[in-house]
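First up is the structure itself, then whatever we jot down about it.
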Amino acid sequence: MSAHPDTKCGFVTILGEPNAGKSTLVNRMVGSKVSIVSPKVQTTRRRILGITLQDKTQVILVDTPGIFQPKRTLEKTMVKNAYEARQGADLIVLLVDAKQKTFEGSFAILEKLGSHQPILLALNKIDLIEPAQLLNIIEQFRHFSQITDVLMISALTGDGVSDLLDLLVQKMPKGPWLYPEDQITDISLRLWAAEITREQLVLQLQHELPYETYVETETWENFANGSVKIQQAIVVARTAQKGIILGKKGQRIKEISQKSRLEMEKHLGHSIHLFLFVKVTEDWMERPHLLREAGILDADGY
Ligand SMILES: Nc1nc2c(ncn2[C@@H]2O[C@H](COP(=O)(O)OP(=O)(O)OP(=O)(O)O)[C@@H](O)[C@H]2O)c(=O)[nH]1
Ligand SMILES: [Mg+2]
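Under the working numbering, the first residue of the sequence shown carries the number 62, and numbering increases by one thereafter.
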């Protein structure tokens with residue numbers, strides 16, 4: 062928070078199809094895990110800020126849920142969250158998985174966004190493709206005149222990411238920083254910890270099950286010796302799902318708990334005592350007030 066005349070500050074909204082690598086990119090640019098990542102689609106459910114300070118410029122990155130054709134209430138809310146994150150953006154980055162066979166999904170996003178906002182196109186996952194293929198991909202986006210710049214990156218290896226960040230810095234408007242200089246996200250530690258456990262659900266559970274769960278941090282206690290006691294509820298949509306999460310002799314929930322705890326400890330740097338239990342809330346994904354409780358729908362619309 063500085064009123065220095067040289068400072069710049071702006072919002073960069075990262076949009077793209079599910080699994081394009083948006084959260085990986087935001088984490089890499091921030092240099093810390095603010096948003097969870099998985100090989101499965103629809104991992105991110107709400108807008109999450111990743112804030113990075115580059116010399117005198119504060120770049121506020123907006124990670125968003127992937128955009129696809131939504132059917133269910135939860136999916137519609139997620140896609141709405143993504144499109145709403147456009148509002149107030151100084152710049153939009155469309156992130157595209159260059160490894161995909163077709164770019165129809167990204168074309169549809171560009172069409173929906175229209176031509177009134179300039180868009181930076183970032184082709185991601187270039188570590189997986191032959192350089193010769195890139196020209197062909199860029200050619201396919203030629204008709205979209207709102208694209209002002211094209212960059213090629215690998216959010217995973219970091220290749221090209223500092224060039225992208227330099228370009229974002231250049232494009233940010235003058236103005237005071239909106240967040241304290243050491244702040245890296247806008248989500249609370251409680252929500253972050255719930256996301257870390259949800260990441261394990263996405264990684265460890267099969268089929269539709271991860272999509273029918275959410276995690277709520279119910280209690281958070283800090284102790285004088287620096288350790289933290291966290292109690293979380295894993296909410297499922299049907300009674301039958303409870304047994305799957307518990308697993309044989311409680312093995313599955315034990316595994317989820319262990320991995321989540323290690324991940325939390327790695328990032329927070331103190332010892333964590335994590336207690337998980339499973340709660341059934343019938344069809345929570347179809348009920349807006351429960352989506353709000355799950356942190357997917359903000360009180361003000363998000
Ligand atoms: N090889 C490779 N994999 C990548 C790269 N960027 C992301 N990934 C992988 O792609 C998968 C999806 O990454 P995410 O960051 O979760 O993608 P997302 O766009 O946030 O996905 P949603 O939140 O579901 O919309 C993960 O397995 C990442 O490790 C990259 O540059 N190269
Ligand atoms: Mg994501």
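Glycine residues also receive a C-beta, built at the ideal position from the N, C-alpha and C atoms.
Looking only at its chain, what residues have a beta carbon closer than 8 Å to the beta carbon of residue 79, apart from the 5 residues adjacent to it on each side?
102, 103, 104, 126, 127, 128 and 129
Can the beta-carbon of residue 328 be found less than 9 Å from the beta-carbon of residue 291?
no
Taking only runs that begin and end inside the stretch 139-181, name each unbroken alpha helix (DSSP H) of 4 or more residues, in chain order.
165-174
Quick check: the stretch 267-279 against the stretch 348-361, are there 3 or more CB pairs under 8 Å?
They touch, by the three-pair rule.
Below 8 Å on the Cβ atoms is my guess for residue 211 versus residue 182; work out the distance and round it to an integer in Å.
5 Å
What span of residues does the alpha helix (DSSP H) with residue 291 cover, start to end?
No alpha helix (DSSP H) holds residue 291; the beta strand (DSSP E) holding it covers 289-297.
Could you please give the first and the last residue of the uninterrupted alpha helix (DSSP H) stretch that includes residue 71?
Element bounds for residue 71: not the alpha helix (DSSP H) but the beta strand (DSSP E), 69-77.
Cβ-heavy atom distance between residue 186 and ligand 3 below 8 Å?
In terms of ligand content, the structure shown lacks ligand 3 and carries ligand 1 and ligand 2 instead.
Taking just the CA atoms, how far does residue 82 sit from residue 264?
16 Å
For residue 343, is the classification buried or exposed, using 16 other Cβ atoms within 10 angstroms of its Cβ as the cut-off for buried?
exposed
What three-state label does DSSP hand residue 346 in the structure shown?
helix
When the distance is taken between beta carbons, is residue 207 closer than 9 Å to residue 176?
yes
Going by DSSP, which residues form a beta bridge with residue 183?
156 and 212
For my contact list, residue 187 and residue 150 are in at a C-beta cut-off of 8 Å; report their separation, rounded to the angstrom.
Wrong, their Cβ atoms sit about 25 Å apart, outside the cutoff.
Report, in whole angstroms, the separation of the C-beta atoms of residue 87 and residue 96, which I expect to be a contact under 8 Å.
The distance from the Cβ of residue 87 to that of residue 96 is about 5 Å, consistent with a contact at the 8 Å cut-off.
For residue 179, which of 221, 218, 321 and 205 has the nearest alpha-carbon?
205
Residue 132 by DSSP, collapsed to three states: which one?
coil
Any idea what DSSP makes of residue 256, helix, strand or coil?
helix
Measuring CA to CA, which of 121, 297 and 111 is closest to residue 351?
297
Considering only residues of the same chain and omitting the five flanking positions on each side of residue 63, which have a CB-CB separation below 7 Å?
For residue 63, the predicted structure reports a pLDDT of 49, less than 50, and the residue's modelled location is therefore unreliable. A value from the coordinates is still provided. Contacts found: 237 and 238.
With a threshold of 8 Å, are at least 3 pairs of Cβ atoms found where one atom belongs to the stretch 311-321 and the other to the stretch 243-263?
yes
Nearest residue (CA-CA) to residue 114, options 243, 270 and 197
Ranking the options by Cα distance to residue 114, first place goes to 243.
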